[in-house]
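Okay, so here's the structure we're looking at.
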Amino acid sequence: MSAAVDCELTQKEQNDFNKHIETCPDCFNEFKEAQKTKNIIQEKIIRFKAPQSLVNSILKLTETPL
Ligand SMILES: [Zn+2]
9 MSAAVDCELT QKEQNDFNKH IETCPDCFNE FKEAQKTKNI IQEKIIRFKA PQSLVNSILK
69 LTETPL
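First residue of the sequence shown: 9, per the numbering used here; consecutive thereafter.
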């Protein structure tokens with residue numbers, strides 16, 4: 009899930025994922041939530057200029073296993 013949010017999927021994986029969330033509301037909602045969380049974190053990072061190591065550990069904490 010976090011790979012999808014971070015745009016780290018391959019083109020095929022991305023296509024499969026997009027097709028899946030179109031037909032699976034659960035995953036769609038999870039994806040939206042994960043994106044929202046990521047955006048909030050990125051906003052905080054920009055505001056407080058957190059060190060990259062801290063940023064990485066925060067991102068790790070917010071990763072939700074599928
Ligand atoms: Zn699903």
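All C-beta atoms in this analysis are idealised placements derived from N, C-alpha and C, irrespective of residue type, glycine included. Since the structure is predicted, the reported quantities are computational estimates derived from the model, not experimental observations.
Closer than 7 Å by C-beta to residue i: which residues in its own chain qualify, once you throw out the five before and the five after it? Chain order, please.
i   : result
V63 : I53
To the nearest angstrom, how far is it from the Cα of residue i to the Cα of residue j?
i   : j   : result
E51 : N23 : 28 Å
F39 : K57 : 26 Å
K44 : E16 : 17 Å
C32 : L69 : 25 Å
Take residue i and list the residues in its own chain whose beta-carbon comes closer than 8 Å to its own, dropping the five residues that flank it on each side.
i   : result
I28 : Per the sequence shown, residue 28 should be read as His rather than Ile. Around H28: C35.
Between residue i and residue j, how many whole angstroms is the CB-CB distance? I'm expecting something under 8 Å.
i   : j   : result
I66 : I49 : 6 Å
Under 7 Å: does the beta carbon of residue i sit that close to some heavy atom of ligand 2?
i   : result
L62 : With respect to small molecules bound, the structure shown includes ligand 1 and not ligand 2.
Task: Lining residues of ligand 1 - beta-carbon closer than 5 Å to any non-hydrogen atom, in sequence order - done: The set, ordered by position in the chain, is C32, C35.
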